[in-house]
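Everything on this sheet refers to the single structure shown next.
Residue numbers (the UniProt record's numbering): 1 to 634.
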């Protein structure tokens, strides 16, 4: 069947479609019902069924004769380390790690926070939790102690697993002091922490709480896989940049395993035994889905890369990895290719490598600009495919489907809706808009397997955040349109969030930090265009009257403050001190207008603006920063 037939079947007969897909996995107890809608809008996939995700991702392959196949390739140019781990070796390590957790009292349903860099032990920890039926929550190593503390309080983990440090090209990031600070700040206190000592920066262990990884593994007995309900959570993943009570996206074991296993063949065109490389981090949803679970469930080899696209050591880093490990398909963020293009526009480094076995490049994390997509296709002479998904969905909402039918590649589009997602473009009144017209991108319920069934311990917020905009629909939070051929164009967030190098960050979180400075009266954060990262946050701040501080000093202090409170992932470096902010007469700050001024885009002065003359003042304030070069008012 071609794409149209497969998509129609998934939308019209979801129970038949996903029930068939579920047969590819091993179930310890068959499910009673493919889709349980009795508690809608809280839909449950594969109700009554039991399975173990770790068994399906590891043990099953060993039992089926793949024990000697490489499961994980670890390549770390920042530490000059390379390792291969077979499925049989992975099975032993994961079973022992599960035993070590069990020795600390972790059982089915307990939470374990994982605060690790890009090392194979991070995958062992995730799979070890899944083996026990414990719920893991991975926190990206770049987040601050404050962010880690909020997640500790929300997930209430029994154990935190961490490394002593992470390695960046120019520095060593010590994780243990951040972990100690976070535990001190948090109301909930984990019973144990399990620490992987890295030779680049070993740490002191606190007696009675901290346990050494190597010693715990040596003392542990291998633990069997624990069957869990298909509707039991496998993990919690917090959306980045959330303030107050964080939003913990929940993923259920059954639907997660079925959808990711299906996606490896049908979206990415992979075959078991081939090498798949998602150049991401296990702290993000891409790392969960396509460094860890997707490839291993399908019996592929996965690459764990601790390095950068450029600078470790040069812009040929990706090409070396693809050649050396015979990568078939790669998945990364457009930012990585913008960085390579910036450093090596003629792709001279590519000429040193043989990529004959490489089939396709997939891009996601932010909208890929057509120039970057076309450049990638030109230099690789392979399909370069932009596709779109979210932390909340866990896998692609729209894309191109190499294992079904390769669709035409249209730069600027995210492809067509993935089978299982009934994507519709609705106006503010809930009516479908004509092809080519902008609207809210919505998905008709039920969402397919692997999408979030709710938020951790917060059903009401789940309904309020995602289901309240239009009855019977999931609000993606993005706006866009579909063309006459059914291709989806995702044009940006409906609300004010900033996408920095694929990481979605809340402007509200950054504004909260800026506003906490004693010299700041009010502020706004907008996204300004950046050639490398797609977008960068810019703070516009109004100083309090009578404050004796120059603008440069304030700007530096605010940059430092955001780095401390949110972390370097925010890439916050731009601050403009302004006399006032443009607002509507009702007091709403006009962020979209300021963003257009900064990026030299044409804009229409809104009729509701309180004082139009302020827009010229904003332009004058942004020009010294290299923005707002020309007057573009329509």
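No residue lacks a Cβ here, since even glycine has one placed at the ideal position from N, Cα and C. These figures come from a predicted structure and were not determined experimentally.
Checklist entry - What do you reckon, are the CB atoms on residue 583 and residue 616 nearer than 7 angstroms? => result no
Next on the checklist: Is it the case that the stretch 303 to 310 contacts the stretch 254 to 269, given that we only count it when at least three CB pairs across the two stretches are under 8 angstroms?
Outcome noted: no
Checklist entry - Ordered along the chain, which non-local residues of its own chain (more than five positions away) have a Cβ less than 7 angstroms from that of residue 327? => result 275, 277, 303, 321 and 358
Checklist entry - Do you know how far the Cα of residue 68 is from the Cα of residue 29? => result 28 angstroms
Next on the checklist: Here's the rule: buried if 16 or more other CB atoms are within 10 angstroms of the residue's CB, otherwise exposed. What is residue 546?
Outcome noted: exposed
Checklist entry - Candidates 282, 66 and 555: which alpha carbon is nearest residue 517's? => result 555
Checklist entry - Nearest CA to the CA of residue 173: which residue from 75, 265, 601 and 140? => result 140
Next on the checklist: Assuming residue 45 is part of the beta strand (DSSP E), what are its boundary residues?
Outcome noted: 44 to 47
Checklist entry - Can you tell me whether residue 241 is buried or exposed, with buried defined as 16 or more other CB within 10 angstroms of its CB? => result Its pLDDT being 40, under 50, residue 241 is placed unreliably in this model, and the value from its coordinates should be taken loosely. Under this definition residue 241 is a buried residue.
Checklist entry - How close, in whole Å, do the beta carbons of residue 573 and residue 559 come, if the pair is a contact with beta carbons under 8 angstroms? => result 6 angstroms
Item to check | Straight-line gap, residue 382 to residue 361 (C-alpha atoms, nearest Å) | outcome: 7 angstroms
Checklist entry - Looking at C-alpha atoms only, which residue of 529, 229, 351 and 217 is the closest neighbour of residue 600? => result 529
Next on the checklist: Can you give me the C-alpha to C-alpha distance between residue 466 and residue 325, rounded to a whole angstrom?
Outcome noted: 41 angstroms
Checklist entry - How long is the line joining the alpha carbons of residue 103 and residue 478, rounded to whole angstroms? => result 45 angstroms
Next on the checklist: Let me check understanding here. Comparing Cα to Cα, which of 386, 552 and 111 lies closest to residue 519?
Outcome noted: 552
Next on the checklist: So within the stretch 170 to 227, which uninterrupted alpha helix (DSSP H) runs reach at least 4 residues, ignoring any that extend past its ends?
Outcome noted: 175 to 185 and 213 to 219
Checklist entry - Helix, strand or coil for residue 290 per DSSP? => result helix
Checklist entry - Which residue or residues does DSSP assign as beta-bridge partners of residue 429? => result According to DSSP, which records beta bridges pairwise, residue 429 is partnered with nothing at all.
Checklist entry - Does the Cβ of residue 425 have 16 or more other Cβ atoms within 10 Å, making it buried, or fewer, making it exposed? => result buried
Checklist entry - What is the C-beta distance between residue 509 and residue 589, in whole angstroms, given that I count them as a contact (C-beta under 8 angstroms)? => result 16 angstroms between Cβ atoms; not a contact.
Checklist entry - Going by the beta-carbon positions, is the gap between residue 149 and residue 125 smaller than 7 angstroms? => result no
Checklist entry - If we count the other Cβ atoms within 10 Å of its Cβ and call it buried at 16 or more, is residue 130 buried or exposed? => result buried
Item to check | 4 or more residues per run - each alpha helix (DSSP H) lying fully within the stretch 321 to 390 | outcome: 334 to 343 and 370 to 380
Next on the checklist: Can you give me the C-alpha to C-alpha distance between residue 208 and residue 136, rounded to a whole angstrom?
Outcome noted: 23 angstroms
Checklist entry - Do the stretch 218 to 229 and the stretch 10 to 25 touch if we need at least three Cβ pairs shorter than 8 angstroms? => result no
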